[in-house]
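S.K.:
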Amino acid sequence: MRHNDLRLTYLFHKVNDAYFEGQKKIKGIFWAEENVINETRHPRKQLWAQCLVDWRGIRIHRCLKNKAPDYVLKHLIHHELLHLHLDYHTQRFIILERKFRQYKKADLWLDRHVHLLRQAR
Ligand SMILES: [Zn+2]
Numbered sequence: 003m004r005h006n007d008l009r010l011t012y013l014f015h016k017v018n019d020a021y022f023e024g025q026k027k028i029k030g031i032f033w034a035e036e037n038v039i040n041e042t043r044h045p046r047k048q049l050w051a052q053c054l055v056d057w058r059g060i061r062i063h064r065c066l067k068n069k070a071p072d073y074v075l076k077h078l079i080h081h082e083l084l085h086l087h088l089d090y091h092t093q094r095f096i097i098l099e100r101k102f103r104q105y106k107k108a109d110l111w112l113d114r115h116v117h118l119l120r121q122a123r
């Protein structure tokens, strides 16, 4: 059984309220148990997190658990919540993604911490 994480659940609600008027519904959000999330759809981003559309859940790579600040996790949650209704990184998706207020800062943080993913392999 997947265990919903308290901190991630809290951050999900913050993002849902701030950007989606509390309308996004998910069944769960948790740290990925696997070392590496395999997803070919959009390789770079999906290494950090994944939206499980059929199950309506979000998983976030566990290498971020004790490292990433809240704004980085919120950026990933915001991104994955967009995927509940938008499959691909279309122009529209990118415009919506950048509505996240700390988008640039969060994206930069992830770029600077790619080693966390490599170490977790
Ligand atoms: Zn994506």
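Residue numbering for the sequence shown follows our numbering, starting at 3 and increasing by one per position. Here a beta-carbon is modelled for each residue, glycine too, at the ideal position from N, C-alpha and C.
(1) Select from Asn68, Tyr73, Pro71 and Ile79 the residue whose C-alpha is nearest the C-alpha of Gly30.
(2) Leaving out five residues before and five after Thr11 in sequence, what residues of the same chain have Cβ atoms less than 7 Å from its Cβ?
(3) Excluding the five sequence neighbours on either side, which residues of its own chain have a C-beta within less than 6 Å of the C-beta of Arg61, listed in chain order?
(4) What whole-angstrom Cβ distance do Val74 and Ala108 have, given they're in contact under 8 Å?
(5) Where DSSP assigns a beta bridge to His63, which residues make up the other side?
(6) I'd like to confirm the pairing. Which residues does DSSP put opposite Gln52 in its beta bridges?
M.R.: Reading from the atomic positions:
(1) Here residue 30 refers to the residue found at position 28 of the sequence shown. Considering only alpha carbons, the answer is Ile79.
(2) Indexing the sequence shown from 1 puts residue 11 at position 9. Cβ neighbours of Thr11 beyond the five flanking positions: Ile31.
(3) Start at 1 with the first residue of the sequence shown, and residue 61 comes out as number 59. In its chain, beyond the 5 residues on either side, Phe32, Ala34 and Gln52 have a beta carbon closer than 6 Å to the beta carbon of Arg61.
(4) Along the sequence shown, read from residue 1 onward, the residue named residue 74 stands at position 72. Along the sequence shown, read from residue 1 onward, the residue named residue 108 stands at position 106. Contact between Val74 and Ala108 holds: CB atoms are separated by about 5 Å, below the 8 Å threshold.
(5) Here the question's residue 63 lines up with position 61 in the sequence shown. Looking at the DSSP output, His63 shares a beta bridge with Ala34.
(6) For the purposes of this step, residue 52 is taken as residue 50 along the sequence shown, with counting starting at 1. DSSP lists Arg61 as the bridge partner or partners of Gln52.
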